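Scroll down for the structure; my scribbles are underneath it.
Number of protein chains: 2
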Amino acid sequence: MFALHPALAADTIEIVDWPLSKILLMDDATYPWLILVPARPGLTGLHELGPSDGQIMMDEIQRASGALKNLYKPDRINVAALGNVVEQLHVHVIARFTSDGAWPAPVWGAQPRRPYGGDALAEIRATLGASLKEYAP
Amino acid sequence: MFALHPALAADTIEIVDWPLSKILLMDDATYPWLILVPARPGLTGLHELGPSDGQIMMDEIQRASGALKNLYKPDRINVAALGNVVEQLHVHVIARFTSDGAWPAPVWGAQPRRPYGGDALAEIRATLGASLKEYAP
Chain D
1 MFALHPALAA DTIEIVDWPL SKILLMDDAT YPWLILVPAR PGLTGLHELG
51 PSDGQIMMDE IQRASGALKN LYKPDRINVA ALGNVVEQLH VHVIARFTSD
101 GAWPAPVWGA QPRRPYGGDA LAEIRATLGA SLKEYAP
Chain E
1001 MFALHPALAA DTIEIVDWPL SKILLMDDAT YPWLILVPAR PGLTGLHELG
1051 PSDGQIMMDE IQRASGALKN LYKPDRINVA ALGNVVEQLH VHVIARFTSD
1101 GAWPAPVWGA QPRRPYGGDA LAEIRATLGA SLKEYAP
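In order, the protein sequences belong to chains D and E. All residue numbers for the first sequence refer to my numbering, where the first residue is 1 and numbers rise by one. All residue numbers for the second sequence refer to my numbering, where the first residue is 1001 and numbers rise by one.
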């Protein structure tokens, strides 16, 4: 049985379930930052996805990237599956700006997480919820 | 016309061409570190790959990961497409160990690049060349 890792659950808000992945919003107002977690038990790396799930994974990465690109017009989209800290397979899809505080470094460890306030969280949940439905597979 | 970005060419050694990507070895003896560069002109993000190339990309990421896993038995494989410094789309596939100097942080900016010496370079080129042919699509 798949269960979301508690460390991922603690730092994120669930937005929508796509065919393979749970789409989570990282609760960090510094960057528009999605995390895609394939809802399959026991995975730690992209190479452990079977060929069919691998194809869906890439499709969902591309759709999530497209949604962030369209909504936020970032300078770059960063995509990464690291798992050094939380081993459950999860894929970061992050909208980056040359003006963001970590640029051009990667975001991990660059700045303390800055949780959304209540109104800002409600707003981005609504915006992303609508957009990710539009970009749904 | 596709041409490898000079900054990528400067830091890497070409190992093999797969159907979509040039497979490069990062010249950094700290980690077994491949870089996959889809040989298509003008790309900066995974979402810009068409659906068919996106599928091949995931397949090549999985094969490169599998090859590193099989050869080096790492604790984790890190996969990332960042492009904050070199904008040409390139995908890092890195074998990570809990004993490596940057663990659990990402590798970028963690430690100065430590080029392979002549003999070590010849050895890893031969090892990877043989393995990546075996894992070829």
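Ideal Cβ placement from N, Cα and C applies to all residues, glycine included. All figures in this text were calculated on a predicted structure; none of them were measured in a lab.
Can you list, in chain order, the residues of its chain whose CB lies under 8 angstroms from that of residue 66 of chain D, leaving out five sequence neighbours each side? 135
Sheet register partners of residue 94 of chain D (DSSP bridge): D:33 and D:78
Any chance the CB of residue 1135 of chain E is under 6 angstroms from a heavy atom of the ligand PLP? The ligand content of the structure shown is nil, which means the ligand PLP is not present either.
Distance, residue 1081 of chain E Cα to residue 1045 of chain E Cα: 7 angstroms
Taking DSSP as the reference, what is the three-state secondary structure of residue 52 of chain D? DSSP places residue 52 of chain D in helix when its eight states are reduced to three.
If we define contact as Cβ-Cβ less than 7 angstroms, is residue 121 of chain D a contact residue for chain E? In terms of beta-carbon proximity, residue 121 of chain D stays away from the interface with chain E, with every pair separated by 7 angstroms or more.
Cβ pair residue 30 of chain D, residue 96 of chain D closer than 7 angstroms: no
Taking residue 1104 of chain E as the query, report the chain D residues whose CB atoms sit under 7 angstroms from its CB, ordered along the chain. Neighbours of residue 1104 of chain E on chain D, chain order: 84 and 85.
Residue 1019 of chain E beta carbon less than 7 angstroms from that of residue 1104 of chain E: Judged by their CB atoms, residue 1104 of chain E and residue 1019 of chain E are not nearer to each other than the 7 angstroms cut-off.
Residue from D:92, D:27, D:8 and D:100 whose Cα sits closest to the Cα of residue 120 of chain D: D:27
Minimum C-alpha distance to residue 1089 of chain E - residue among D:76, D:99, D:112 and D:52: D:76
Name the DSSP beta bridge partners of residue 1017 of chain E, please? E:1022
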